[in-house]
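First comes the structure, then the notes that go with it.
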Amino acid sequence: MNYRYNIACSLSNLKGIRDFVRNTLNENHVPELQISAIVLALDEMCSNLMIHAHHCNPNHFLELHINHPGKGTYVFEIIDDGSVFDINQFTEPGMDSLVHEKRKGGLGIRLVKSIMDKIEYTSEGGKNICRLTKEV
Amino acid sequence: MVHIKRLQESGTDIIAVIGEIDASSSIELDLAIAKSVGEGFKRILVDCHALEYISSAGLGVFMSYIEEFRDKKIQMVLFGLKEKVVNTFEILGLAELLNIRENKNEALKLANELSV
Chain A
-10 MNYRYNIACS LSNLKGIRDF VRNTLNENHV PELQISAIVL ALDEMCSNLM
40 IHAHHCNPNH FLELHINHPG KGTYVFEIID DGSVFDINQF TEPGMDSLVH
90 EKRKGGLGIR LVKSIMDKIE YTSEGGKNIC RLTKEV
Chain B
22 MVHIKRLQES GTDIIAVIGE IDASSSIELD LAIAKSVGEG FKRILVDCHA
72 LEYISSAGLG VFMSYIEEFR DKKIQMVLFG LKEKVVNTFE ILGLAELLNI
122 RENKNEALKL ANELSV
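Chains as they are written, first to last, in our numbering: chain A, -10 to 125; chain B, 22 to 137.
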């Protein structure tokens, strides 16, 4: 199983990403609550990339692949050619400092790290690949 | 895509959030809450019955008001959240930081108690 989706870097396309991920996981009979969490993690990753690596330029594109190599393993790859936005390099701020500094960001990284089992970055042929793995 | 409706009941502002809140639409929620605060409401209920999805951008909006509400003695209570939405709050431990109730009556009751 291998699904692909191309998205222009506009935040209005996040809905399409969510629908694509949800429909794909539905087809594979993943439980609803798991689907919701995974959809959220992919939305967070893609919006982070669109905002921080591509400055929401609709002429830039992300490619999303979903692979299901077997059993309960799902591998999500987000491929782009922007600057690398490696969330493993970010220490997520504590909730207290988020409240105090009135920061509206920083929660997304925490969500992705909580939901996904593995987050890896590689580079192939000038493209960045962010690979998220989830066991359901 | 999100629609936001506001209605007032005996001095309480009720903000109904309909649809999905993500990075592209969280500004709408922010504006609605800011408006409510600007109009001087001390009790704000957020009706989440028709909230189908919320990402960190929306959660961040709620978080960003916590201190201001504490300072201005404004009570905000969310109610009617679907299980999948509650789950998002719980992953972050936000359910502890925000006031959340099952239904409007309970939310109103809590807002009134906290206002005393």
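Positions of the beta carbon are idealized from the N, C-alpha and C atoms, including for glycine.
Under DSSP, the alpha helix (DSSP H) around K4(A) begins and ends at which residues? Its alpha helix (DSSP H) spans residues L3 to E16.
Answer yes if the segment 92 to 99 of chain B comes into contact with the segment 65 to 75 of chain B, meaning at least three C-beta pairs across the two stretches below 8 Å, and no otherwise. The segment 65 to 75 of chain B is in contact with the segment 92 to 99 of chain B.
Within a Cβ cutoff of 8 Å, which residues of the same chain sit near K56(B), ignoring the five residues on either side of it in sequence? The residues are R27.
DSSP bridge partner residues for T80(A) (one or two, in chain order): For T80(A), which the question treats as bridged, DSSP gives no partner whatsoever.
Helix, strand or coil, according to DSSP, for L29(A) in the structure here? The answer is helix: DSSP assigns L29(A) an H, G or I state.
On a CA-only basis, which of Y86(B), I36(B), A44(B) and R91(B) is nearest S136(B)? Give me that one, please. The residue with the shortest Cα to Cα distance from S136(B) is R91(B).
Are the CB atoms of S31(B) and A78(B) nearer to each other than 8 Å? Going by C-beta atoms, S31(B) is not nearer than 8 Å to A78(B).
E60(B) - DSSP class collapsed to helix/strand/coil: Taken through DSSP and simplified to helix, strand or coil, E60(B) comes out as coil.
Per DSSP, what are the beta-bridge partners of S136(B) in this structure? S136(B) is not bridged to any residue.
Where do the ends of the alpha helix (DSSP H) carrying M84(B) lie? Per DSSP, M84(B) belongs to the alpha helix (DSSP H) from S77 to K93.
Residue-chain proximity (A53(B), chain A), Cβ-Cβ < 8 Å: No, its Cβ sits nowhere closer than 8 Å to a Cβ of chain A.
Cutoff 6 Å; reference L53(A); Cβ partners in own chain excluding five residues on either side: The residues are Y(-6) and I67.
Of the residues Y86(B), K94(B), D51(B) and V106(B), the one placed nearest H70(B), counting alpha carbons only: Comparing Cα-Cα distances from H70(B) to each of Y86(B), K94(B), D51(B) and V106(B), the minimum goes to V106(B).
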